[in-house]
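Asks:
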Amino acid sequence: MLIHEDVTERLLAERQLRASEAQFRTIADAMPQMVWSTLPDGYGDYFNQQAYEFTGASPGTLNGESWADVVHPDDQQSAWTKWRHSLDTGEPYEVEYRLRHHSGEYRWCLGRALAVRDGDGGLVRWMGTCTDIHEQKRTRDELLASNRRKDDFLAMLAHELRNPL
1287 MLIHEDVTER
1297 LLAERQLRAS
1307 EAQFRTIADA
1317 MPQMVWSTLP
1327 DGYGDYFNQQ
1337 AYEFTGASPG
1347 TLNGESWADV
1357 VHPDDQQSAW
1367 TKWRHSLDTG
1377 EPYEVEYRLR
1387 HHSGEYRWCL
1397 GRALAVRDGD
1407 GGLVRWMGTC
1417 TDIHEQKRTR
1427 DELLASNRRK
1437 DDFLAMLAHE
1447 LRNPL
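Here the sequence shown is numbered in the numbering used here, starting from 1287 and rising by one per residue.
1. At which residues does the beta strand (DSSP E) containing D1418 begin and terminate?
2. Just reading off the beta strand (DSSP E) that S1323 is part of, what are its end residues?
3. With a threshold of 7 Å on Cβ separation, who are the neighbours of Q1362 within its own chain once the five nearest residues in sequence on each side are excluded?
4. What's the gap between the Cα of H1388 and the Cα of W1369?
5. Within 10 angstroms of its Cβ, does Y1329 collect 16 or more other Cβ (buried), or is it exposed?
6. So what's D1406 in DSSP terms, helix, strand or just coil?
7. Thinking G1461 and Y1379 are a contact (beta carbons under 8 Å), I'd like their distance in whole angstroms, please.
8. Nearest CA to the CA of F1340: which residue from E1391, E1421, A1441?
9. Is A1337 buried or exposed, if buried means 16 or more other CB atoms sit within 10 Å of its CB?
10. Compute the Euclidean distance between the alpha carbons of M1413 and A1444, then round it to the nearest angstrom.
11. Helix or strand or just coil, what does DSSP make of A1431?
12. So within the stretch 1333-1399, which uninterrupted alpha helix (DSSP H) runs reach at least 4 residues, ignoring any that extend past its ends?
13. Below 8 Å on the Cβ atoms is my guess for R1411 versus S1306; work out the distance and round it to an integer in Å.
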């Protein structure tokens, strides 16, 4: 008995899938942000090259729950609570936290993620980015401190000018 199966469509689909994945990885590695993805349960399964360069971690070592190892200990609970909320509700994830840089210093980053859904609305995965906002946050904090000092000075000056009158 001779059985013949045409696998042309399957091979074409596999080739298209490989091309699409290669295109995604190229785009993700071209971005200046850290790009990551997780399975629907939040288990990390992809981090782009920038994530490994930023953290100094070896490729493949951030997958799963290992990502938490580079989050500052003081920020882990808050980040986890927000992440758990997004996983439970499907709502977008956004958090500012400190990540350990390859230099050993912790730097402020903005983490964001969106749920990816299939045609029926089912959660397929999460796609996210982390952006280094350390300098912007430091500058903002310096400006706020300067503004507080100015307000304190003006309040003291107003008080001193009222006293002689």
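Glycine residues also receive a C-beta, built at the ideal position from the N, C-alpha and C atoms.
Replies: Quick answer:
1. That run of the beta strand (DSSP E) goes 1409-1418.
2. Unbroken beta strand (DSSP E) run through S1323: 1320-1324.
3. Closer than 7 Å at Cβ, skipping near neighbours: A1354.
4. If I take the Cα positions, the gap works out to 24 Å.
5. It is exposed - the Cβ of Y1329 has fewer than 16 other Cβ atoms within 10 Å.
6. In the structure shown, D1406 adopts coil according to DSSP, grouped into three states.
7. Outside the modelled stretch of the chain, which goes from 1287 to 1451, sits residue 1461, for which no answer is possible.
8. Comparing alpha carbon positions, the residue from E1391, E1421, A1441 closest to F1340 is E1391.
9. Label assigned to A1337: buried.
10. One C-alpha to the other measures close to 53 Å.
11. Residue state, collapsed to three classes: helix.
12. Look at the stretch 1333-1399 and you find these whole runs of alpha helix (DSSP H), each 4 residues long or longer: 1335-1341, 1359-1375.
13. Not a contact, Cβ separation roughly 14 Å.
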